[in-house]
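Asker: Take a look at this one; I'll ask things after.
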Amino acid sequence: MSTSYAIGNSETVVLEALVALVAGRPVVVDTAGDGGHLVLAGSKASGSQLGWMIRHTSGFVLAATTAERLDALRIPPMFGYHSTTATSFAVSVDASEGTTTGISGHDRALTMRTLASPEGHPRDLIRPGHVVPVRTAEHGVLERAEAAEAGVDLVRLAGLSPVAAVCAMLDERGGLLDSHESRRFAADHEVPVLSIADVMAHRFHHELFPARTAPR
């Protein structure tokens with residue numbers, strides 16, 4: 724994609740993704756060089772949807788969120804060193820109430836919803852657990868073009884809490900799905916699909932040139 728960030732079809736695919744996320748359905752984010760990822764709004768996570776995600780991915784479901792959210796819940800980084808290019812993992816957590824082993828789809832969905840709850844408190848989570856949060860870049864995909872940032876940008880654009888369940892999609896051999904395979908999966912399962920470039924274009928268009936999109 725050129726640096727002009729032409730909106731084109733990006734507006735349509737982003738809006739389709741936002742509708743799905745608000746309805747509690749997953750979307751596919753095509754990261755091009757880093758494979759396809761399934762994304763689900765953390766505040767809408769259900770046991771059945773998490774179970775479906777786990778079956779069609781690596782099963783290592785991350786909770787992408789903001790630095791502010793992690794700080795409010797007192798969830799520290801997993802490692803002391805932080806790079807602007809490396810994924811910034813935080814200490815794993817489970818919901819402190821309502822879970823059993825913590826690893827089931829039901830339990831991980833509850834932990835996601837707990838992380839996303841505006842009323843959430845540090846005591847609502849136990850550490851370590853089975854859900855690994857990821858601290859995303861402050862400016863989202865405009866700063867770091869990765870699946871975690873795309874997930875948080877999308878749930879924010881949907882008006883939801885800035886927590887997104889994100890997981891890499893794998894093929895039958897255990898390799899990452901490429902762009903073509905990710906889009907075929909989305910078509911087969913009737914899941915909206917968009918690229919990180921689409922999210923960039925949408926944000927660039929609406930945030931940097933708001934006058935162009937304002938009603939006349």
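724 is the number of the first residue of the sequence shown in the numbering used here; add one for each residue after it. Note that the Cβ used here is the ideal one computed from N, Cα and C, for glycine as well.
What are the boundary residues of the beta strand (DSSP E) that Arg-846 is part of?
Answerer: That residue, Arg-846, is in no beta strand (DSSP E); it is neither H nor E in DSSP.
Asker: From what residue to what residue does the beta strand (DSSP E) around Ala-786 run?
Answerer: 785 to 788
Asker: Please look up how many angstroms separate the CB atoms of Val-745 and Leu-917, rounded, as I've assumed it's under 8 Å.
Answerer: With 8 Å as the limit, Val-745 and Leu-917 do not qualify as a contact, their Cβ atoms being about 15 Å apart.
Asker: Output needed for Gly-782: all residues of its chain with C-beta closer than 6 Å, excluding positions within five of it in sequence on either side, in chain order.
Answerer: none
Asker: Check each candidate in Val-875, Val-762 and Ala-910 and name the one with the smallest Cα separation from Thr-859.
Answerer: Proximity to Thr-859 across Val-875, Val-762 and Ala-910 peaks at Val-875, based on C-alpha coordinates.
Asker: Between the Cα of Phe-908 and those of Gly-747, Val-742, Asn-732 and His-760, spot the shortest distance and give me the residue it belongs to.
Answerer: His-760
Asker: Could you work out which residue in Arg-846, Val-854, Glu-820 and His-925 is closest to Asp-886 when comparing CA atoms only?
Answerer: Looking at the sequence itself, residue 886 is Val, so the reference to Asp does not match. If we check each option's Cα against that of Val-886, Val-854 comes out closest.
Asker: Which term fits Ser-771, buried or exposed, when burial requires 16 or more other beta carbons within 10 angstroms of its beta carbon?
Answerer: By the neighbour-count rule (16 or more Cβ atoms within 10 Å), Ser-771 is not buried but exposed.
Asker: Contact defined as beta carbons within less than 8 Å: I believe Arg-906 pairs with Asp-757. What is the distance between those atoms, to the nearest angstrom?
Answerer: Actually they are not in contact, since the Cβ atoms of Arg-906 and Asp-757 sit about 15 Å apart, beyond 8 Å.
Asker: Rounded to whole angstroms, what's the CA-CA distance from Ala-755 to Pro-799? Just pull it up for me.
Answerer: C-alpha separation (whole angstroms): 30 Å.
Asker: As an exercise, report each continuous beta strand (DSSP E) stretch of at least 3 residues that is fully enclosed by the region 868 to 917, in chain order.
Answerer: 886 to 891
Asker: Would you report the Cα separation of Pro-841 and Glu-904, rounded to the nearest angstrom?
Answerer: 36 Å
Asker: Among the residues of its own chain, which have a CB less than 7 Å from the CB of Arg-846, if the five just before and after it don't count?
Answerer: Ser-819
Asker: Given a threshold of 16 other Cβ atoms within 10 Å of its Cβ, counted over all protein chains shown, does Phe-922 qualify as buried or as exposed?
Answerer: For the record, residue 922 in the displayed sequence is Val; it is not Phe. Answer is buried; the Cβ neighbour count reaches 16.
Asker: Who are His-760's beta bridge partners in DSSP?
Answerer: In the DSSP assignment, the residues bridged to His-760 are Val-752 and Ala-891.
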